[in-house]
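Report on the structure given below.
Residue numbers (the numbering used here): 83 to 490.
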């Protein structure tokens with residue numbers, strides 16, 4: 083199944099253990115060092131944008147960035163070298179992230195400004211979940227993702243409803259706050275304001291570009307032409323609230339308000355507009371609760387279908403509800419069928435496939451979950467000691483329980 087050679091040299095195995103096996107002492111040390119380098123390289127890019135940085139300091143930061151990039155390039159090359167199937171690792175999630183993380187520095191040689199794409203390197207810090215033994219957090223994120231996938235139909239309907247609501251509220255606010263009223267003193271108009279002028283069907287819209295006492299009011303019309311109005315023009319009108327001079331701005335206000343962000347640069351001034359705003363604000367809090375409720379409800383529904391480990395049933399009298407560690411029935415006293423606790427042997431570790439580099443295999447896994455290659459058993463003993471798992475003792479305990487049940 084592998085695309086590379088069938089065997090690896092001792093040096094390749096050692097490099098693979100250091101670079102990929104994050105649960106081993108050497109692997110943990112390497113990954114901690116790698117994360118420190120990632121954070122320092124990103125910090126260097128950030129600090130380099132500070133205006134007060136001197137040319138000498140900027141030069142040092144650039145040299146440091148090149149040093150980090152060369153290190154990451156060598157590290158990526160070693161990752162490809164120590165696996166049997168470099169192509170499979172190169173096309174994996176972390177393999178793609180590794181390439182994207184080192185490309186910006188090289189691209190900056192021909193594309194000025196590309197170095198700021200180095201922020202993508204932060205994605206490599208995802209390895210910290212493995213280094214700190216936070217695999218359960220990664221599994222938790224997987225559970226949330228699956229819940230979102232299961233709820234995708236509800237989420238699509240929900241987002242569609244939100245789109246409709248913000249369109250309605252934005253249009254309503256434009257009608258309330260953007261209602262055009264006569265400008266009593268045109269000399270008070272500000273550059274950038276949207277106004278209307280003209281009579282009935284000949285009315286036009288324009289943006290004020292200049293207000294001059296001698297020349298008048300210069301407008302840029304929607305068709306790109308320029309129009310000059312006199313101060314005594316009685317047809318000039320402006321929105322009641324200049325902030326709501328179009329429906330898109332009303333929709334923008336509705337989105338900001340409904341999501342409870344509330345920037346505050348656009349706000350209603352009329353009593354009716356403020357009443358509508360209050361209703362949208364209250365609705366925003368309800369929407370946040372609904373979004374979380376969809377995910378929780380989905381998880382509860384799926385969880386109710388799962389087998390409850392506490393619902394063990396007695397084979398003699400049929401009583402159920404026994405605890406997972408119960409040995410005898412609480413009704414008739416009959417010995418319960420032994421149930422092996424496999425939670426420890428199912429512990430997800432950072433065991434890595436020597437063929438494709440895929441990580442996150444269970445302690446009892448024998449084949450890679452991605453490429454199907456047999457996993458290297460050399461490091462399993464170390465993992466068992468690390469997680470304090472003794473499979474032989476568990477098997478012996480199981481046999482003793484079976485003998486006890488048989489004798490009873």
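C-beta: ideal position from N, C-alpha, C; glycine also. As the structure is a prediction and not an experimental result, all values here were calculated from the model.
- When Cβ pairs closer than 8 Å are counted between the two stretches, the region 310-329 is seen not to touch the region 231-243, the count staying below three.
- With distances taken between CA atoms, residue 145 lies nearest to 130 out of 290, 130, 414, 345.
- Across the structure, residue 121 and residue 95 are spaced so that their CA atoms are roughly 28 Å apart.
- Residue 116 counts as buried, since at least 16 other C-beta atoms from the protein chains shown sit within 10 angstroms of its C-beta.
- Residue 273 and residue 291 do touch by the CB rule: their CB atoms are close to 6 Å apart, below 8 Å.
- When the Cα atoms are used, residue 139 and residue 184 turn out to be separated by approximately 22 Å.
- When secondary structure is reduced to three states using DSSP, residue 92 falls in the helix class.
- Between residue 255 and residue 355, the C-beta gap is smaller than 8 Å, which places the two residues in contact.
- Per DSSP, reduced to three states, the secondary structure at residue 289 is strand.
- Pairing residue 260 with residue 286, the inter-Cα distance amounts to about 16 Å.
- In the same chain as residue 400, and ignoring 5 residues on each side of it, no C-beta atom comes closer than 6 Å to its own.
- Counting only residues of its own chain and dropping the five nearest sequence neighbours on each side, residue 329 has a CB closer than 7 Å to the CB of 252, 253, 256.
- Sorting 226, 250, 327, 152 by C-alpha distance to the C-alpha of residue 123 places 152 at the top.
- Burial state of residue 246 is exposed, judged by a 10 Å Cβ sphere holding fewer than 16 other Cβ atoms.
- Rounded to the nearest whole angstrom, the C-alpha separation of residue 105 and residue 435 is 14 Å.
- DSSP places residue 236 in the uninterrupted alpha helix (DSSP H) bounded by 234-259.
- Per DSSP, reduced to three states, the secondary structure at residue 349 is coil, with no helix or strand assignment.
- Only residues of its own chain outside the window of five on either side were considered, and among them 396, 398, 399, 401 have a CB closer than 8 Å to the CB of residue 414, listed in chain order.
- For residue 302 against residue 289, the beta-carbon gap comes to about 5 Å, under 8 Å, which counts as contact.
- Straight-line measurement puts the Cα of residue 365 at about 44 Å from the Cα of residue 173.
- In the same chain as residue 178, and ignoring 5 residues on each side of it, the C-beta atoms closer than 8 Å to its own belong to 172, in chain order.
- When only Cα atoms are considered, residue 100 and residue 348 end up about 56 Å apart.
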